[in-house]
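J.:
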């Protein structure tokens, strides 16, 4: 339950608290963070994969419900990102992970942030209900 609460229920609770204010203003931007594992699943991470897949379904439904109110809702589903947590992975294991990424490296946090910045901009007003994979080609749809 902790994984579902942290990843999915928290999103529901946050959106429930902000969506009415966005509707009143006829404007809003919501970006949810999923994961490559929410798109493809991951052995040993059934609960995490389910929670991250749930974020995608939730965001699509919420996008449909609010598209005519000037609110866009999208998902970013990153692969492995060079965060402090990932950099602490045993070097041998991390080397194996990177070897499975066609571009041959981890994502930089700034690459994820750049997409998020675009999605909250006025230029992205026609993009809603989309899931963006940023994974260096590790999983293609």
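Numbering (this note's numbering), first residue to last: 970 to 1110. Even for Gly, the Cβ is constructed at its ideal location relative to N, Cα and C.
List in chain order: all unbroken alpha helix (DSSP H) runs of 4+ residues lying wholly within the segment 970-1049.
T.: Whole alpha helix (DSSP H) segments, 4+ residues: 979-994, 1005-1009, 1015-1035.
J.: By how many angstroms is the C-alpha of residue 1060 removed from the C-alpha of residue 1093?
T.: Sequence index remark: in the chain shown, residue 1093 carries index 124 (1-based). Sequence index remark: in the chain shown, residue 1060 carries index 91 (1-based). Cα to Cα, the separation comes out at about 38 Å.
J.: Is the beta carbon of residue 1076 sitting closer than 8 Å to the one on residue 1042?
T.: Residue mapping note: residue 1076 aligns to position 107 of the chain shown, counting from 1. Residue mapping note: residue 1042 aligns to position 73 of the chain shown, counting from 1. No, the Cβ-Cβ distance between residue 1076 and residue 1042 is not below 8 Å.
J.: Return the chain-ordered list of same chain residues with a C-beta closer than 8 Å to the C-beta of residue 1106, the five sequence neighbours on each side being excluded.
T.: Locating residue 1106 in the chain shown gives position 137, counting from the first residue. 1070, 1071, 1072.
J.: Which residues mark the beginning and the end of the beta strand (DSSP E) in which residue 1102 is found?
T.: Along the chain shown, one-based indexing puts residue 1102 at 133. First-last of the beta strand (DSSP E) with residue 1102: 1100-1103.
J.: Do residue 1005 and residue 1046 have their CB atoms nearer than 8 Å?
T.: The residue given as residue 1005 occupies position 36 in the chain shown. The residue given as residue 1046 occupies position 77 in the chain shown. In this structure, residue 1046 lies closer than 8 Å to residue 1005 by Cβ.
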